[in-house]
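Following: one structure in structure tokens, then a few remarks.
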DNA sequence: CGAGCGCTTGATTGAGTTCAAAAATCGTGG
DNA sequence: CCACGATTTTTGAACTCAATCAAGCGCTCG
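Written out as structure tokens, the structure reads:
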């Protein structure tokens, strides 16, 4: 997969050469070191982060201090807190880098510009929203009705590439179980096969 | 709250008198009896259902036969399966009526027409999508990090009006616990106060 | 090469489930 | 308006899945 944001734009926005260079202008890519934060709980999220290279995650911290990973984003994916950016509310999320990463910061004015130039981009954006809804609903559904083992099997099926790049405790955090439980689930599974 | 769909349109679409009557034309309201289905798992969802009067719910049935309620919709709210309608996939959801209801069936062509006539409607629609995302993310977060009691307290705070209109086992289903557990949670709470 | 982090394993605990049955409430027809 | 059956809620007891607490192993990276 080509993860470059410019490729993404070509595929999703359908701009002329001139529109393209006009849009790109001022767009900034930043290098984010592993562990560095892009958003902290309490802040308002001002950007959509496009991952050009590397791996990011978003997560919450509950009142007993435990992390719960909401989303991973590797090359070619975007991550943000839409609740916060859209409604201008302070965010509950943290976003940080799991690996050293290259990230485009897409701000409101950039998205605005792009929307004006490209109806196709608007369409793709709407599609992205629906996709997000689908993922979240699926997740709610899993959390309501599936066991730890089922959730784990689904995860490794859906995100094999991410699985290989993150420590096991992050998988556990995403699934909503403890690292110890995940270890045991995995042990069970090896026994079965 | 005035739950009439026409009021909703006036507030959210900003149409001229003529556009308005043009749009409304052909729009159908249907009476749905308690227990009647608007969507079943396996079907493709063709409508957004606007609840003019009454109360609807959407839910899944997991492989052990248990229901999990995804959403309630009372007067002035809409309910649908966006994954299914947008991506033209068969739905995992059931939608049925908890009370005898009056429901507007908004189909693709209607929404299209409205979008062409009213940029304001598009904006409101986008807002609705973001709102949906916010709710789902919140729910994921609760399911990952909060106890049954915390989830119940949040529910009665967020949806007091709905609470009063549904049996307790539906609340339990929405929260992801058994009716027995909810009964015990409630008992605990009365003891505390 | 040692300190720290991640993973595993064991023992124990606990929140919530399951199964069963009684008590309360609801709805409907007489 | 009452009565009866059905549904919903409550309660109890046993059980289960996953959490917690604690200890040990292995790797890596500083």
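Residue numbers (the working numbering), protein chains in the order written: chain A, -19 to 173; chain B, -19 to 173.
Glycine included, each C-beta is placed from N, C-alpha and C at the ideal position.
- Distance between residue 114(A) and residue 40(B), taken at the CA atoms: about 14 Å.
- For residue 104(B), the uninterrupted alpha helix (DSSP H) run begins and ends at 99 to 125, by DSSP.
- Ranked by Cα distance from residue 142(A), the first of 166(A), 108(A), 156(A), 51(A) is 51(A).
- Counting only runs of 4+ residues, the alpha helix (DSSP H) found wholly inside the region -12 to 75 of chain A occupies -3 to 4, 62 to 67, in chain order.
- Looking at 150(B), 130(B), 173(B), 158(B), the one whose alpha-carbon comes closest to that of residue 44(A) is 130(B).
- Considering only 49(B), 63(B), 66(B), -16(B), the residue with the shortest C-alpha distance to residue 32(B) is -16(B).
- Residues of the region 112 to 141 of chain A that bring their beta carbon within less than 7 Å of a beta carbon in chain B comprise 112, 113, 114, 116, 117, 119, 120, 121, 123, 124, 125, in sequence order.
- When 8 Å is used as the limit between beta carbons, residue 50(A) is near these residues of chain B: 117, 120, 121, in chain order.
- In the displayed model, residue 88(B) falls within a helix according to three-state DSSP.
- If you check the CB distance, residue 73(A) and residue 38(A) come in under 8 Å.
- By the CB criterion at 8 Å, residue 77(A) and residue 16(A) fall inside the cutoff.
- Residue 83(B) is bridged by DSSP to 10(B), 31(B).
- A straight line joining the alpha-carbon of residue 12(B) with that of residue 157(A) spans about 41 Å.
- Here residue 144(A) carries a coil assignment [DSSP, helix/strand/coil].
- If you check the CB distance, residue 112(A) and residue 121(B) do not come in under 8 Å.
- Beta-bridge analysis with DSSP links residue 77(A) to 36(A).
- In the structure shown, the three-state DSSP call for residue 157(B) is coil.
- Contact annotation: the region 57 to 69 of chain A does not touch the region 159 to 172 of chain A, with fewer than three C-beta pairs closer than 8 Å.
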